[in-house]
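Asker:
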Amino acid sequence: MKTLKIAIQKSGRLNEKSVELLKNCGLNFENYKSSLISPVSNFPLEILFLRDDDIPEYVQDGIADLGIVGENVIQETEVEVSYLQRLGFGKCSLKIAVPNNSDINTLADLNGKAIATTYPAILGKFLKEQNITSDIRTISGSVEISPGLGLSDAICDLVSTGGTLKSNGLKPFADVMSSEAVLIGSKEIAESDLVQELIQRVQSVLRAKE
Ligand code: ATP
Ligand code: ZN
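Numbering (full-length UniProt numbering), first residue to last: 1 to 210.
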């Protein structure tokens with residue numbers, strides 16, 4: 001029988017819940033922090049520990065058959081994968097935020113303004129749908145400090161509690177997308193018996209939590 005591969009985040013906000021979900025599915029594996037691959041002893045499955053940004057492409061390209069990753073990362077990488085199951089953790093929203101004292105009050109006020117983000121594809125699509133032309137400044141992290149440094153007029157970033165925005169003198173202004181962790185699969189594999197078996201286990205774990 002073919003051994004499936006599932007990619008999960010190696011460390012970060014989704015790691016612990018992803019490992020817990022797989023363990024609750026009855027899968028036995030060592031959660032070695034140092035190794036990239038862990039075999040599952042009681043199911044034909046290997047677990048790949050990766051940076052979340054790499055997961056959608058690995059699944060699209062068939063290097064991994066399955067993956068657990070935030071919807072925000074899937075949308076941003078614009079890959080072709082099957083959504084198999086929403087997982088109910090890793091919930092957050094991608095929001096546009098502005099400084100507390102900003103004169104940006106409506107979406108139209110964003111015209112001609114600079115918006116810093118690590119999500120240029122999602123933001124670009126959103127602005128286009130709203131007929132707004134802004135200067136999207138793609139940066140790789142610490143987006144929330146960019147207005148204070150004079151690098152942007154607004155930001156577009158992931159928010160869960162809003163604490164990071166607040167402590168940087170920013171207020172949420174518009175919702176771009178809401179996101180949670182999802183189980184994805186490559187187009188070819190989604191129908192296979194093994195994958196169906198895993199999805200059923202995941203669904204019963206989620207039902208037991210309700
Ligand atoms: P990696 O090292 O794997 O690239 P990362 O730093 O890009 O990790 P994390 O900060 O661990 O990513 O976030 C992983 C995912 O957790 C996000 O893509 C998002 O789906 C989800 N998430 C939930 N709440 C938040 C939040 N407040 N801020 C950022 N991401 C969040
Ligand atoms: Zn990442």
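By construction, the Cβ of each residue, glycine as well, lies at the ideal position given by its N, Cα and C atoms.
Is it true that the segment 190–208 meets the segment 127–134, where meeting means three or more beta-carbon pairs spaced less than 8 Å apart?
Answerer: Contact between the segment 190–208 and the segment 127–134 is absent, because fewer than three Cβ pairs lie under 8 Å.
Asker: Could you compute how far the alpha carbon of N42 sits from the alpha carbon of E30?
Answerer: Walking along the sequence shown from the start, residue 42 turns up at place 42. Walking along the sequence shown from the start, residue 30 turns up at place 30. So the two alpha carbons sit approximately 12 Å from each other.
Asker: If you follow the alpha helix (DSSP H) that Y58 is in, where does it begin and where does it stop?
Answerer: Translated into positions along the sequence shown, residue 58 becomes position 58. Counting along the chain, the alpha helix (DSSP H) containing Y58 begins and ends at I55 to Q60.
Asker: Excluding the 5 residues flanking G67 on each side, which residues of the same chain have their C-beta closer than 6 Å to its C-beta?
Answerer: Start at 1 with the first residue of the sequence shown, and residue 67 comes out as number 67. Answer for G67: A7, I55, V59 and I184, listed in chain order.
Asker: Taking three-plus beta-carbon pairs below 8 Å as touching, is the segment 101–113 in contact with the segment 19–26?
Answerer: Because the criterion of three Cβ pairs below 8 Å is not met, the segment 101–113 and the segment 19–26 do not touch.
Asker: For the alpha helix (DSSP H) containing Q203, list its first residue and its last residue.
Answerer: Walking along the sequence shown from the start, residue 203 turns up at place 203. Looking at the DSSP string, the run of the alpha helix (DSSP H) that includes Q203 is D193 to K209.
Asker: In three-state terms, what does DSSP make of S38?
Answerer: Here the question's residue 38 lines up with position 38 in the sequence shown. Strand, per DSSP.
Asker: Indicate the three-state DSSP secondary structure (helix, strand or coil) for V98 in the structure shown.
Answerer: Taking the first residue of the sequence shown as 1, we reach residue 98 at position 98. Strand, per DSSP.
Asker: In angstroms, rounded to a whole number, what distance separates the CA positions of D157 and L27?
Answerer: Position 157 of the sequence shown holds residue 157. Position 27 of the sequence shown holds residue 27. The alpha-carbon atoms of D157 and L27 are separated by roughly 34 Å.
Asker: Shorter than 7 Å, the distance from the beta carbon of R13 to the closest heavy atom of the ligand ZN, or not?
Answerer: The sequence position of residue 13 within the sequence shown is 13, counting from 1. No, since every heavy atom of the ligand ZN falls outside the 7 Å radius drawn around the Cβ of R13.
Asker: Between which two residues does the beta strand (DSSP E) containing T138 stretch?
Answerer: For the purposes of this step, residue 138 is taken as residue 138 along the sequence shown, with counting starting at 1. That run of the beta strand (DSSP E) goes D135 to T138.
Asker: Closest to R86 by CA distance: which of S179, S186 and I115 is it?
Answerer: As a position in the sequence shown, residue 86 is number 86, starting the count at 1. Taking only the C-alpha atoms, the option nearest R86 is S179.
Asker: Compare the beta carbon distance of V40 and D53 with 8 Å and say whether it is the shorter of the two.
Answerer: Residue 40 sits at position 40 when you count from the first residue of the sequence shown. Residue 53 sits at position 53 when you count from the first residue of the sequence shown. No, the Cβ-Cβ distance between V40 and D53 is not below 8 Å.
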